[in-house]
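In what follows, a single structure is set out as C-alpha cells and then discussed.
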Amino acid sequence: MTMVTRGQQKDNDRRVHPLLRQLNIFCGEKTSSGGNKTEETVNSFDLLTYLLNNGSVSEDIVRNAVQDIRGKQNTTKVDGIKITATSGGNPIETTKGEVSKRNSALVPTALNSSDNSRTRHIALRFFYDGAKYSGLAQNIGQENDNSVERCIFDALLKARLITSRETSNYSRCGRTDRGVSAAGQVVALHLKSAFPKNASSDENGTSLLEESDLPKNEYESKNVWTIPRPKKRGKSGKGKDETKGDSATTESRNRVNRDLKEYSYAKILNNILPLSIRILGWTPVTEDFSARFSAGSRTYRYFFCKRRMNMEAIGDGLNRLVGKHDFRNLCKMDVEKVYNFERLIHSAEVVQVEDQGGNGDVCYLKIVGQAFLWHQIRCIAEVIFMIGNEFESPSIISELLDVKKHPGKPSYSLADEKPLVLHDCMFPNLQFGYSIQNLWTVSCQLEKQWEDLTLAAARLRSGIESLHSCSVLKNDLTSFADLKLTEIRKKLQRRGIRRPPDLHIQGTDDVSALRAITSWADALSWLEKRNIVPSPSGLTNTVHVPLMQRSMGPSYEEKVANLQKSEKRRMKYEENIIKKRKTAEEDKAFYDHKIKQGGTGI
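Heads up: the sequence shown begins at 26 in the working numbering, then just goes up one per residue.
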C-alpha cells in the first residue's frame, strides 16, 4: 500500500469536490474513530463502477480524465539534478535533461500569441446531423445563434486550440443551410500545436524545428529538445523560474529532451462537441490552402422514397443536368454576391439504397459538381420529383437551363432540407489521416443513432400494418373512392385536361366483387387500381400547375436594376461584385494556384 503523509492527505482533502463531501463519498479505507468503516459512507470506486455499468459515464470520459490527471501529476525539475514524475503515486527519477515519455502533452495549454506557442494550418473533416442546427455558418453577433460553426468554435476555444475565430484564418468547403447535414464537410484553420516554437533537434537550440519537420499525424513521435514553461507567479508575488519573456532568461533555463506527438485534435474536440457533430480526421495543409477554393468537387446526396415515381424519367432528367450550364433558374439568385451562375456538373444519377431491413424503397439523387449555387440542389430535387411524379416531362430541365428563352425563374417551392446531405468534399492534393480508435468510437456512436431511428421507423411500419386487419364497409369504401376520383378529375381539368385518364376499374374487377364488409388491406388494393394510394401528400388538395404556365420571377438584370432603390444593397453589390470582379486570366491563375494546395496526414 502506498504511504500517504499527513501533508499529502491534507492536499488531497482540499481537492475533494464539495458534492462528494456532502454525500459522504470517500476514496480509500476511511474509518471511523472505532476503527470500523462507517456504514453511511460510499467508496468512490464503487460509485464510478456503478456509473460505468449503467452507462451514465462513458469509458472515453473516464479514460481521458485519468490521462489528464496523470499529465498534471507529471512535474519537471530543470534547475536541479533530477527530474521527477509520478506514476501511481510512486516517483520516477530521470537524469538531467530527460523526461519520461509519459510526460508528453495530452491537453493543450492556453494559446497566447505572445508566448512560445506554435500554430499549424490544419484541415478538419467532420460529420454533423443538421436537423437541430440553423445551418453551418455562424451568425456572428446573434446571441441565439444555433449554428454548427458556433459549436465548433466554442469547442476550439474551450480546448485552447485557438485564441479567436478572427485570428484562425478559417475557411469552409461547403456552406449548408438550416436542416442540411454533412457526412464529409471540410474546414481549415490554424490550430495550436503540441510542438512549441523553441523545439529543436539539438540540445543547444541552434536547429529549431521548421513546419516541414513536424509530424503529419498524431502517431508519429519526434524526439526534440524544448525549454519547459516557467512556473506561474503565486499569490505572494514569488514564483520559481519566472520570466518576463526574454531571451536571456530563456537561454538560462536548461533544455530537456522528450518524445513529442501532435495533439489528437479529433479526440480532444469530440470530447467537447455534442454527439451530433463528430470530427473524423485531420491533416496539416500548406499555408495557401483554402477549404473553399482548393476543392476539386463536392458530392451531394438527396434521399427520398421512390413510391410510385417513374425512375426512368428521373434518370432522363438528371442526365440533362450534366455539363456546364447556367443554373439561374435552378437556384436562388443572390445578386448582391454572385454574378456568374454557370456551374459544372460532373455526374448526376439516382441510386437505390441497399436494403437494410426495409422494403428497398429508399433512393437518393447523387449529384457531383465543382461548386454549387445557393439552394441549387434543393431546386433541382424539387423539379426532379415533379418529373418522377409525371407532373412534368424530363425536357423541363432543358427548358429551365435555356436562360435566353426563359430569363426569369418560374415560381416553385424548395424541396425539404432534411433529406439533403453534403456527402463528400474532394481535394486532388489532400489526404486525411484517421485514428482507428476515433473511427471506432464515431462508428459505434452513429450505429447507435441509426439503430434507434431504424427501430422507430419499424414501429411506425408496424402501426401501418396493424391497420390492414381493420374491417370497413363496402358502401363507405365506394363513397370515399367516388369522392377522391371527383377531386382528381377536378384537379386534372384545372390543368387543362378534359378527360382524365386511368380513373376507372381495369379488367373484369368491379364494385360488385367487393364483400359488404372487407378488410382495410383489400380496400387498399382496390383503391390502388384507381390510382388512390396513401402517401405523405395524400391529405393535401393542391393542383400542379405546369412550370412554364406559372408566373415568372424577375431576370438577373432586373434584380440588379432593383438594387439601385436601396443604398445599402447597392453598396453591398458594388463591394462584392464590382470591386472584386477579376478578369478570366486572373480567375484562372487564382484557381490554378489554389487547386495545387493541400497536404497529407499519412
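Cβ coordinates follow ideal geometry from the N, Cα and C atoms, glycine included. Since this is a predicted model, take the numbers as computed values, not measurements.
The three-state reading of DSSP puts Q622 in coil, since its state is none of H, G, I, E or B. With contacts defined as CB atoms closer than 9 Å, F178 and L305 fail to qualify as a contacting pair. In the DSSP assignment, no residue is bridged to G160. Closest option to E228, judged by alpha-carbon separation, among V211, N282, R190 and S322: N282.
In the DSSP assignment, the residues bridged to M451 are S322. The straight-line gap separating the alpha-carbon atoms of Q163 and N194 is approximately 15 Å.
Between R403 and L426 a beta carbon distance of about 17 Å is seen, past the 8 Å cut, so the two are scored as non-contacting.
With 16 or more other CB atoms across the displayed protein chains lying within 10 angstroms of its CB, C356 is buried. T144: member of the beta strand (DSSP E) spanning T144 to Y153, first to last residue. Rounded to the nearest angstrom, the gap between the Cα atoms of E174 and N601 is 23 Å. Distance from the Cα of T324 is smallest, within the candidate group V360, Y290, L298 and L390, for L390. Contact check between the segment 431–448 and the segment 575–593: three or more CB pairs, one atom from each, fall below 8 Å, which counts as touching. Between F314 and Q622 a beta carbon distance of about 4 Å is seen, short of the 8 Å cut, so the two are scored as contacting. A straight-line Cα-Cα distance of about 38 Å links D547 and S420.
Taking the Cα of L300 as reference, the smallest distance to any Cα among S159, Q401 and Q474 is reached at Q474.
Contact annotation, A396 with R368: C-beta distance approximately 6 Å; criterion of less than 8 Å satisfied. In the DSSP secondary-structure assignment, W307 is bridged to L149 and G458. Secondary structure of Y437 (DSSP, three-state): coil.
In the DSSP assignment, W250 is bridged to S225 and N282. S226 and R606 have their C-alpha atoms some 47 Å from each other. R203 carries a coil assignment under DSSP once its states are collapsed to helix, strand and coil. Contact between the segment 198–212 and the segment 153–160 is established, with three or more Cβ pairs separated by less than 8 Å. R368 sits in a strand when the DSSP states are folded into three classes. Restricting attention to S423, V428, S460 and Q401, the CA atom closest to the CA of D441 is found in Q401. In the DSSP assignment, K349 falls within the unbroken beta strand (DSSP E) covering G348 to D351. For V387, no alpha helix (DSSP H) segment is defined; the enclosing uninterrupted segment is the beta strand (DSSP E) at V387 to G394. When rounded, the separation of the alpha-carbon atoms in N365 and E476 is 44 Å.
Here R143 has S218, F220, P221 and K222 as same chain residues with Cβ atoms under 7 Å from its own Cβ, once five neighbours each way along the sequence are excluded.
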